[in-house]
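Colleague: Sequential numbering of the sequence shown, starting at 14, is according to my numbering.
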Amino acid sequence: MPPSLKISLGPNVDELKEISYNDGSTHVIQSELFDGVVSVHIKGDFGDTNSSKSTYFNDESRARHTWSIALQGRFLKAINGNDILFGNIFDRPLTLPWGFGILTQVSSTIYTERSHGSPFLSTMPYLQRIELDPATPIPRDMLGPITVERSIPPLAPVLESESTPAERRKYFTDESHRKEVTFTPRDLIQADFVHGYLQFPSLTMALPGGLQFDLMYYYDSRPVSRQIEYAEQVR
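1) State buried or exposed for lysine 183, treating a residue as buried only when at least 16 other CB atoms are found within 10 Å of its CB.
2) Quick check on the burial criterion: 16 or more other C-beta atoms within 10 angstroms. Buried or exposed for serine 135?
3) So, do the segment 184–202 and the segment 146–159 have three or more beta carbon pairs nearer to each other than 8 angstroms?
4) Name the two residues that bound the continuous alpha helix (DSSP H) containing glutamate 180.
5) If you drop the 5 nearest sequence neighbours on each side, which residues of the same chain put their C-beta closer than 7 angstroms to that of arginine 163?
6) Going by other Cβ atoms of all chains shown within 10 Å of its Cβ, with 16 needed for buried, is arginine 248 buried or exposed?
7) Measuring alpha carbon to alpha carbon, tell me which of His54, Leu46, Leu98 ends up nearest alanine 91.
8) Is valine 161 buried or exposed, if buried means 16 or more other CB atoms sit within 10 Å of its CB?
9) Could you check which residue in Ile97, Pro158, Ala179 has the C-alpha nearest to that of glutamate 188?
10) Tell me whether proline 170 is buried or exposed, calling it buried when 16 or more other Cβ atoms sit within 10 Å of its Cβ.
11) With respect to the alpha helix (DSSP H) encompassing glutamate 188, which residues constitute its N-terminal and C-terminal limits?
12) Please work out which residues of its chain come closer than 7 angstroms, Cβ to Cβ, to aspartate 154, disregarding the five sequence neighbours upstream and downstream, and give them in chain order.
13) Excluding sequence positions up to five away, which residues of its chain have a Cβ less than 7 angstroms from the Cβ of phenylalanine 133?
14) Give the single residue among Asn93, Asp36, Ser44, Ser33 whose Cα lies nearest to the Cα of asparagine 25.
15) What number of angstroms, rounded off, separates the C-alpha of serine 21 from the C-alpha of glutamate 31?
16) So for arginine 199, helix, strand or coil by DSSP?
17) Among the residues of its own chain, which have a CB less than 6 angstroms from the CB of alanine 204, if the five just before and after it don't count?
18) In terms of residues, what are the limits of the beta strand (DSSP E) holding phenylalanine 47?
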């Protein structure tokens, strides 16, 4: 019998509700700081019919990826770009093989301490903003995977309206550049945290060069949470 996968969503780890995935649906997430929707896609057989409904991975830009957390929404108050973090929380530290951090460049996205956040602007594989009247409701539908970033206005003067994700991530590795960005309720943010290093449902990590780790060997059924944090919350 194929393993099952449950995904929950909420404004914090204490208010999570189970959601569907792979069916193209979006799920509302609201807090005092953020209003938006989230859509999740996982490539793999989990013994249900959801996977057959998903066309997300049919897009050429996503063909080699295995999972995605896409979000669309706005911050409800002005927030500096350097104060937005994206990361994970483990209930307890997860011990991985010695040398794991040396072998992979994606270790920052599965960091094994209890809580870890990376700069949102330089971490997101795909990210763009679109100017939106604050009185306009957040669109509840997502048109499809972001393939070319078209921020209006640009996230920085040196980044053209149509820039590559690599250019944006490299530019915002500099803290001073992140501090020059301020998100307001006029900014509709669209982002896609999508990767291909995890294989489902086996929970195998595939690294460049053919190396693989069976994460089930190190995993003891503890929950792991992905979250966006405001830096003031973790200082």
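All residues carry an ideal CB built from backbone N, CA and C; glycine is no exception.
Modeller: With the given structure in hand:
1) The residue you call residue 183 lines up with position 170 of the sequence shown. By the 10 Å Cβ count, lysine 183 comes out exposed.
2) Indexing the sequence shown from 1 puts residue 135 at position 122. Buried is the call here.
3) With the cut-off at 8 angstroms, the segment 184–202 and the segment 146–159 touch.
4) As a first step, residue 180 must be located in the sequence shown, where it is residue number 167. In this chain, the alpha helix (DSSP H) harbouring glutamate 180 covers 178–184.
5) Counted from its first residue, the sequence shown places residue 163 at position 150. Cβ neighbours of arginine 163 beyond the five flanking positions: Gln141, Ser174, Glu175.
6) For the purposes of this step, residue 248 is taken as the residue at position 235 of the sequence shown. Model confidence at arginine 248 stands at a pLDDT of 38, short of 50, so the residue's coordinates are unreliable; what they give is reported in the following sentence. With a 10 Å radius around the Cβ and a threshold of 16 neighbouring Cβ atoms, arginine 248 comes out exposed.
7) Mapped onto the sequence shown, residue 91 falls at position 78. For alanine 91, the nearest C-alpha among the options comes from Leu46.
8) Taking the first residue of the sequence shown as 1, we reach residue 161 at position 148. Answer is exposed; the Cβ neighbour count stays below 16.
9) For this step, residue 188 is matched to residue 175 along the sequence shown. Residue Ile97 is the option with its Cα nearest to glutamate 188.
10) By one-based count along the sequence shown, residue 170 stands at place 157. Classification of proline 170: exposed, given that the 10 Å Cβ count is below 16.
11) Counting from one through the sequence shown, the residue named residue 188 turns up at place 175. Start and end: 188–192.
12) If you number the sequence shown from 1, residue 154 lands on position 141. Only Thr39 meet the Cβ criterion.
13) Taking the sequence shown and counting its residues from 1, the one referred to as residue 133 is at position 120. Taken in chain order, the residues that qualify are Ile97, Leu98, Phe99, Ile241.
14) For the purposes of this step, residue 25 is identified with residue 12 of the sequence shown, where counting begins at 1. Checking every option, the nearest Cα to that of asparagine 25 belongs to Ser44.
15) Position 8 of the sequence shown, counted from the first residue, corresponds to residue 21. Position 18 of the sequence shown, counted from the first residue, corresponds to residue 31. If you draw a straight line from the Cα of serine 21 to the Cα of glutamate 31, it is about 4 angstroms long.
16) For the purposes of this step, residue 199 is taken as residue 186 along the sequence shown, with counting starting at 1. Assigned with DSSP and collapsed to three states, arginine 199 falls in coil, not helix or strand.
17) Here residue 204 corresponds to residue number 191 of the sequence shown, with the count starting at 1. Cβ within range, chain order: Leu84, Met137, Leu140.
18) Here the question's residue 47 lines up with position 34 in the sequence shown. Taken as a continuous stretch (DSSP letters only), the beta strand (DSSP E) holding phenylalanine 47 covers 47–55.
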